[in-house]
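K.L.:
Under my numbering, the first residue of the sequence shown is numbered 12, with each subsequent residue one higher.
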Amino acid sequence: MNFKTGDKVVVIAGKDKGKEGKISHVLRAENKVVVEGVNVVKKHIKANGQTAGSIVEVEAPIHASNVMIVDPKTGKRTRIGHSTDKKGKKIRVAKKSNENLD
12 MNFKTGDKVV VIAGKDKGKE GKISHVLRAE NKVVVEGVNV VKKHIKANGQ TAGSIVEVEA
72 PIHASNVMIV DPKTGKRTRI GHSTDKKGKK IRVAKKSNEN LD
């Protein structure tokens with residue numbers, strides 16, 4: 012998976028198609044990401060001795076194949092490629108504009 016926390020992505024499939032947001036968590040083992048403001052679900056919290064029960068809204072994970080990174084130059088969605096910088100370190104680049112993503 013080529014996504015990192017803090018990447019700006021756009022949803023390309025599902026109920027939130029077209030929404031943009033930043034990645035807050037990456038779940039590599041499940042191949043999923045949590046995006047701020049996307050795939051918001053209601054979670055029921057059971058009451059215990061100290062707090063009352065409530066219903067809260069939380070962002071649920073979305074599969075990584077349903078999001079694409081936003082190109083920093085054009086603002087449109089793009090795929091992620093890999094290249095090496097002058098020091099020989101592997102970096103991520105946007106395929107459309109060849110702009111550095113790291």
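Where is the CB? At the ideal position from N, CA and C, for every residue including glycine. This one's a predicted model, so the numbers in the text were calculated from it and none came from an experiment.
Take every Cβ of the region 40-52, pair it with every Cβ of the region 97-106, and state whether three or more of those distances are shorter than 8 Å.
P.N.:
Segments in contact, no.
K.L.:
My assumption, with CB atoms under 8 Å, is that Met12 sits in contact with Ala75. Please give the rounded CB distance.
P.N.:
Their Cβ separation, rounded to whole angstroms, is 5 Å, which keeps Met12 and Ala75 in contact under 8 Å.
K.L.:
Consult DSSP for Asn109 and reduce its assignment to one of helix, strand or coil.
P.N.:
Three-state DSSP puts Asn109 in coil, outside helix and strand.
K.L.:
Who are Ile80's beta bridge partners in DSSP?
P.N.:
Bridge partners of Ile80: Val20, Thr89.
K.L.:
Taking the CB atoms as reference points, tell me whether Lys30 and Val22 lie closer together than 8 Å.
P.N.:
In contact: Lys30 and Val22 (Cβ atoms closer than 8 Å).
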